[in-house]
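See structure below.
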């Protein structure tokens, strides 16, 4: 099973920027086993930081893949920098904003901002920054061949692209 850590794409500037959101529901399995009881507070379910990073990786990976119309196998190569200042909990909405900092034949580096919606005020609060590096496997220098099917952009990602009106980037 492929886990999706974004629900929909909300904004897209071709080759530059992509924004996606994830609505956090208490019915999601991840909240059943991960509790934080630090700072003298009672234990409360929280989204693990590793999954927040994965949500940004999926957002930025779609952006990087779209540049070459998803013809290349794009994989996360490095988590360059992570600063997560606040937890994400059920009932909240996360926004991932990814921008391409550098892109060449070997891969790309991206900069990301994670924000959470303050429902009472209707405003977004920045809760973290995540910088990532991606590799284009088809242009690797290791001399290894990889399967032709593009394993990163599965049918779940295809559905997200179609729902956002970005299916023009999919070469069938």
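In the working numbering, the protein residues as written are 48 to 219. Idealized CB from N, CA, C, for every residue including glycine.
- With respect to residue 158, residue 66 sits apart: the two C-beta atoms are not nearer than 8 Å.
- Secondary-structure assignment with DSSP links residue 70 through a beta bridge to 140.
- Where residue 170 is concerned, the enclosing beta strand (DSSP E) starts and stops at 170-183.
- In this chain, the alpha helix (DSSP H) harbouring residue 111 covers 96-114.
- Classified as exposed, residue 50 has fewer than 16 neighbouring CB atoms from the shown chains inside 10 Å of its CB.
- Nearest C-alpha to residue 117 among 108, 170 and 125: 108.
- Here residue 88 carries a coil assignment [DSSP, helix/strand/coil].
- Nearest in C-alpha terms to residue 100, of all of 148, 136 and 179, is 179.
- Taken through DSSP and simplified to helix, strand or coil, residue 210 comes out as helix.
- With a 10 Å radius around the Cβ and a threshold of 16 neighbouring Cβ atoms, residue 119 comes out buried.
- Residue state for residue 204 is assigned as helix, using DSSP reduced to three classes.
- In the DSSP assignment, residue 118 falls outside any beta strand (DSSP E) and carries neither an H nor an E.
- Ranking 103, 73 and 113 by CA distance to the CA of residue 177 puts 103 first.
- Cβ-Cβ distances below 7 Å link residue 146 to 63, 64, 157 and 158 in the same chain, with the five nearest sequence neighbours on each side left out; the list follows chain order.
- The alpha-carbon separation between residue 162 and residue 68 amounts to approximately 9 Å.
- Between residue 181 and residue 111, the beta carbon gap of about 5 Å places them in contact (Cβ cut-off 8 Å).
- C-alpha of residue 98 to C-alpha of residue 160: approximately 14 Å in a straight line.
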